[in-house]
Every structure is written in C-alpha cells, then in structure tokens.
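All remarks here apply to the structure that follows.
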Ligand SMILES: Cc1cc2nc3c(=O)[nH]c(=O)nc-3n(C[C@H](O)[C@H](O)[C@H](O)COP(=O)(O)OP(=O)(O)OC[C@H]3O[C@@H](n4cnc5c(N)ncnc54)[C@H](O)[C@@H]3O)c2cc1C
Ligand code: FES
Ligand code: FES
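Numbering (the numbering used here), first residue to last: 1 to 488.
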C-alpha cells in the first residue's frame, strides 16, 4: 500500500504527502496551491464555477472530463491527470482556443463564471466537439452565468465546435499517456491522517476484505452526494473506502438478455447503452444534473443512497432490475425494489457493497417510457419521476409495471394501479379507472419541491401521458384538445 497521492499535472507527476482524505480538490487548489483561477460559488456541484478537467487513460488515449472540484476529494485525483484553467494558456502566453473564443464572442462580463465555462468547453473540444445546440446546452447546463447571458457563450462554443485546433495537450499526449501508465502500476492508495483513513482498493477482493475489517466505513464512488456531506453538513468522515479505482465495477455490457451495469459506472458511461436499449432512459440520464455531475456520479451511488427522488431507481424497478450485493462471504441477488425497505433504510448489510445492477432487455413487444418532472429542465432534482413498462396482448394489457420516485419514502411501485390495468383493454376508460386506483397506492408528502396534491395529480396524469404516447397517435391530439392532458 502507498500513502502518497500521485497525479499528473502540467506534464509531470506530482506526489503529495499527508493528504487529508476529505479535503476538496477546490480547497487544495485555492488554499494550498494558490491556483485561484478555479472559483468557488456554491460548493455543492450546482454552479460550475469550480470546473476542472480530469484526464483518464483509455485504450484510445486520454479521455478528458469536466468535474466539479468543490465536491471531489483530493485523493480521488490519484492516478489521473488534472487540468485547471491556469494550465490552458500556451507556453508563449497565447490564450487557449476556448479562452480566445470566449473573448472573441464577448462571452464574459464579471468573469467569475468564465474559468468554469472555459474548462467545460475545453473538455468538449477534446471530446464530442459538437455544434448541435442541444449538445452545447448539455455541455453548458452545469455552468451558471449571472451576467453575460448564454447567447455569446453558446456562440463561443459553436465557433470551436467541429474545428478543434491542436493544443499543447494534444502535443504532449504521448508523454502524458506514459505518465498515466506508470501511475496505473502503483500499489493501492491508503491514507491515515490522525485516525481518519482513506483506502482506494483496486479489486473487489481487496474491497471486500477492507469492508470486513472496517464495516462502518463509508463507501465513496463519485462523491456527488458524499461531497456535500462534507461541504454543506461539515461532517467528519472517519474511514472512507473509494471504489473508483476498481475496474471490475466500471464495466457495462450486455450479457445474454440483460444489460449489466457495474456499480461504479457513471451516468456519462451508461448513457449511450441505456438510450440504445431503453430509449427514454437515455433522455432521463440527460435530465440528471449536469455534465460535470454525470461524469462523476454513478448509477451504484444513485441506488445505494436510498433517496426517494433518485432518478434511476424508478426506471430500473419498472424494468425489473436485479441488484447484486457482495461481501467477503459471497454475493446475493435481490430484486431492486426489495432493496428499498423504507425511507433511509436499505437492504445493505455491514460489509456489503453494491456490485452491479442487471436490467432485463425489453422483449420485442415491451414498451418502456419514463418521465422526470422538475422545476428546471436541467440541473434539477425530481419533484416526481414516473416509469412505465408494459407488455400487450393484442389490444389488452398483459402486464404492466409502474414505479414512481417522489411519491413515497422510497421509490415505489403503484401496485393497485397496475392491478387495475392488467387484463384490461388499453384505452382511455381503463386508464381513467386506474388513475383513480392510484389514489390508494400513495400518500405523497408536500415539500419545497411539490405539494401533495400536485404530486398525486401529476402522477395520475403521467399515466395518461403514457397512454397517449403508446396508443393511437390521434389520442394525444384528442387529449390535448380536451384539455385533459397536463404536459410533463
Ligand atoms: C448538483 C447536483 C445535482 C444532482 N442532480 C441529480 C439528479 O438530477 N438526479 C438524481 O437522481 N441525483 C442527482 N444528484 C445526486 C447524485 O448525483 C446521485 O445520487 C449520484 O448518482 C450519486 O452517485 P455517486 O457516485 O456520486 O455517489 P457517492 O456520493 O459517492 O455515494 C452516494 C451514496 O451511495 C453509497 N455508495 C456508493 N457506491 C456504493 C456501492 N458500490 N456500494 C454501496 N454503497 C455505495 C455511498 O456510501 C453513499 O451513501 C445530484 C447531485 C448534485 C450535487
Ligand atoms: S462551486 Fe459551484 S459547482 Fe463547485
Ligand atoms: S460573466 Fe458574470 S457570472 Fe458570468
């Protein structure tokens, strides 16, 4: 085991001793490295002022991703490349193409947000580099600008899209790959600062035995929840076990008739396959937070946190997903819906971790749709999320699974609604009967996101929307015409 954090920065390996396990990358940059170009706005992953880029080794070279430095812990940098806004300038002082584009299009006023925008655009320039407005909106959704307005910033993004000039990062890629390869051979990281411990195992066996030794340890994945425990709740975490170095947990693939998603797979990594196999699920992923959060946050974390308003559990439960939980004593499979016992309580024993979630692929006649309701389109937590998975027998409902987030203390199926529909003709009358039955399924809460009445009415209307979208296309127009369809 190794007790120094090593990462690549500015073409060299940096090695840090005595690292506090939960110091944030942002605080390290600003207070220890005096790199104050990276700003702090919210300290909770919302505003993007703290955006930096991390580079990871892949079989195709280095993959650059924007992340929020305010909720990444410094040791999570281990083995990766760090790029901050100070690093963008060329050696001769020339601005980087993304910085120049922001200047040319007058895309900055007070400038507080600008470093974050530059970093998001930098990652995009080295990635998809798309000129499509919807792609650019996705890239910028995690960066707030209060004064410039997004028009010129989008212009800046468009001006570099599809036209990625080589920069110093391209020029030194070979060297960086070699440095990252050498870091990949290092032993696992293990820190201990006055009894506050951090472990970064590289295999599931190592993870299992660490969890057996430290059953109260906190499992850390993307830190998009846990980061806020530290920055907002000021919690001191005693023992943390980071799972982001375990390659086996980062696999996503089709095995027989299931899509198998390792717990450490991020939203960004899962997006394409979820879109390919479950259509709407891809759109749901687009609506999860922002690019920066999707680059760090994992599906496993979204399940394990047990939130009643996590976005992926309703969709996964409607699809009939199974969860694999593992520990030193072996592994067990349970239905995902059984994992959520009640608010704040999951079926996860001490020493266990979430290994993977297996999602049955849709049968030929299977229909799947899901809808997220939130106040903002981007970067907002659900008030309500509904997922519908139906099998038809001619014009009748052979089977249907309906699951909602935001309607109960856990993601929960609408069993009575389902029963009201199974065996019935798939028509508006059956749907309206089932909408009434739904009132017996849930007693939602009122909170700052939505009132009890809003939640119930919207959940019922989502069923109607599902019907409208899966019945004859004219039904949608008819329902809108009658004013009986509220849009999500
Ligand atoms: C700005 C912002 C916007 C957000 N928007 C959304 C949104 O739109 N929709 C949404 O659903 N969520 C949202 N979230 C919440 C969060 O991003 C997700 O829940 C995310 O999936 C958490 O994953 P993570 O890898 O970051 O988990 P972490 O923060 O690392 O961990 C979360 C929890 O899961 C546990 N855990 C993680 N991995 C495992 C494992 N393998 N086994 C056992 N336990 C494990 C941890 O111990 C912890 O309790 C948002 C968060 C932020 C900061
Ligand atoms: S400071 Fe706002 S996202 Fe990090
Ligand atoms: S230029 Fe002021 S916040 Fe964007």
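Virtual Cβ for every residue (Gly too), placed ideally from N, Cα, C.
Rounding to the nearest angstrom, what Cα-Cα distance links residue 210 and residue 240 in this structure?
Those two C-alpha atoms are separated by around 10 Å.
State the start and end residues of the unbroken beta strand (DSSP E) segment that holds residue 254.
For residue 254, the enclosing beta strand (DSSP E) stretches over residues 252 to 255.
Leaving out the 5 sequence neighbours to the left and right, which residues in its chain are closer than 8 Å to residue 249 when beta-carbon positions are compared?
Here the set comprises 204, 243, 262, 263, 264, 265, 300, 355 and 356.
What does a CB cutoff of less than 8 Å around residue 89 pick up in its chain, not counting 5 residues either side in sequence?
So the qualifying residues of the chain are 95, 96 and 99.
Is it the case that the Cβ atoms of residue 331 and residue 322 are separated by a distance below 7 Å?
Result no, Cβ atoms of residue 331 and residue 322 do not sit closer than 7 Å.
With a threshold of 6 Å (Cβ to nearest heavy atom), would residue 318 be considered close to ligand 1?
For residue 318, the CB stays at least 6 Å from every heavy atom of ligand 1.
For residue 310, count the other beta carbons within 10 Å of its own beta carbon; 16 or more makes it buried, fewer makes it exposed. Which is it?
So residue 310 ends up on the buried side.
Quick one: residues in its chain with C-beta nearer than 8 Å to the C-beta of residue 483, no 5 flanking neighbours on either side, listed in chain order?
Note that residue 483 has pLDDT 45, beneath the 50 cutoff, so the model's placement of it is unreliable and no number is given.
Assign residue 448 to one of two classes, buried (16 or more other C-beta atoms within 10 Å of its C-beta) or exposed (fewer than that).
Taking every protein chain shown into account, the CB of residue 448 has fewer than 16 other CB atoms within 10 angstroms, so this residue is exposed.
C-alpha gap between residue 74 and residue 126, whole angstroms
In a straight line, the C-alpha of residue 74 is about 24 Å away from that of residue 126.
Euclidean distance between Cα positions of residue 340 and residue 157
One alpha carbon belongs to residue 340, the other to residue 157, and they sit about 42 Å apart.
Please report the distance separating the alpha-carbon of residue 394 from that of residue 284.
Their backbone Cα atoms lie some 29 Å apart in a straight line.
Using a threshold of 6 Å, is the CB atom of residue 493 nearer than that to any non-hydrogen atom of ligand 3?
With the chain represented from 1 up to 488, any question about residue 493 goes unanswered, as that position is not in the structure.
Buried or exposed: residue 1, going by 16 or more other Cβ atoms within 10 Å of its Cβ?
Exposed is the call here.
Please output, in chain order, the residues near ligand 2 using a CB cut-off of less than 6 Å to any non-hydrogen atom of the ligand.
Those residues whose C-beta sits under 6 Å from the nearest heavy atom of ligand 2 are, from N- to C-terminal order along the chain, 40, 41, 42, 43, 45, 46, 47, 48, 49, 50, 68 and 70.
Cβ of residue 108 versus every heavy atom of ligand 3: is any distance shorter than 6 Å?
Set against 6 Å, the gap from the CB of residue 108 to the closest heavy atom of ligand 3 is smaller.
In the DSSP output, what is residue 360 paired with across the bridge?
Paired residues: 258.
Would residue 65 pass as a contact of residue 123 if the rule is Cβ separation under 7 Å?
Note that the C-beta distance between residue 65 and residue 123 is below 7 Å.
With a threshold of 7 Å on Cβ separation, who are the neighbours of residue 372 within its own chain once the five nearest residues in sequence on each side are excluded?
Shown here for residue 372: same chain residues with a beta carbon closer than 7 Å to its own, the five before and five after excluded, namely 284, 287, 311, 382 and 385 in chain order.
What are the boundary residues of the beta strand (DSSP E) that residue 15 is part of?
Where residue 15 is concerned, the enclosing beta strand (DSSP E) starts and stops at 12 to 16.
Measure from the alpha carbon of residue 317 to the alpha carbon of each residue in 402, 101, 189 and 345, then state which is nearest.
Answer by Cα proximity: 402.
Beta-carbon gap between residue 466 and residue 369 smaller than 7 Å:
Yes, Cβ-Cβ distance for residue 466 and residue 369 is below 7 Å.
Delimiting residues of the alpha helix (DSSP H) encompassing residue 135:
Following the DSSP letters along the chain, one finds residue 135 inside the alpha helix (DSSP H) bounded by residues 133 to 140.
Rounding to the nearest angstrom, what Cα-Cα distance links residue 17 and residue 5 in this structure?
Between residue 17 and residue 5, the C-alpha separation is close to 7 Å.
Counting pairs of Cβ atoms below 8 Å between the segment 32 to 44 and the segment 130 to 137, do you hit three or more?
They do not touch, by the three-pair rule.
Decide if the segment 41 to 49 is in contact with the segment 193 to 201; the criterion is three or more beta carbon pairs, one per stretch, under 8 Å apart.
As far as the Cβ criterion goes, the segment 41 to 49 does not touch the segment 193 to 201, which means the pair count is below three.
Am I right that residue 400 and residue 428 are in contact with their C-beta atoms under 8 Å? What's the rounded C-beta distance?
Residue 400 to residue 428, Cβ: 15 Å. No contact.
How big is the Cα-Cα spacing for residue 19 and residue 79?
For residue 19 and residue 79, the gap between their C-alpha atoms comes out near 15 Å.
Status (buried if at least 16 other CB within 10 Å, exposed otherwise) for residue 81
Result: buried.
State whether the segment 48 to 58 contacts the segment 101 to 119, with contact taken as three or more CB pairs (one from each stretch) at a distance under 8 Å.
Flag = yes, the segment 48 to 58 and the segment 101 to 119 touch.
Have a look at residue 436 and residue 413 and give me their C-alpha separation to the nearest angstrom.
Their backbone Cα atoms lie some 15 Å apart in a straight line.
At which residue ranges does the segment 40 to 128 contain complete beta strand (DSSP E) runs of 3 or more residues, listed in the order of the chain?
Along the segment 40 to 128, the beta strand (DSSP E) occurs as fully enclosed runs of 3 or more residues at 51 to 58, 61 to 68 and 81 to 83, listed in sequence order.
Taking just the CA atoms, how far does residue 92 sit from residue 3?
If I take the Cα positions, the gap works out to 37 Å.
Please report the distance separating the alpha-carbon of residue 450 from that of residue 164.
Cα to Cα, residue 450 sits roughly 44 Å from residue 164.
Does any heavy atom of ligand 1 sit closer than 6 Å to the C-beta of residue 161?
False, no ligand heavy atom lies under 6 Å from that Cβ.
CB-CB under 8 Å to residue 392, same chain, minus the five flanking residues each way: which ones, in chain order?
Closer than 8 Å at Cβ, skipping near neighbours: 365, 367, 398 and 426.
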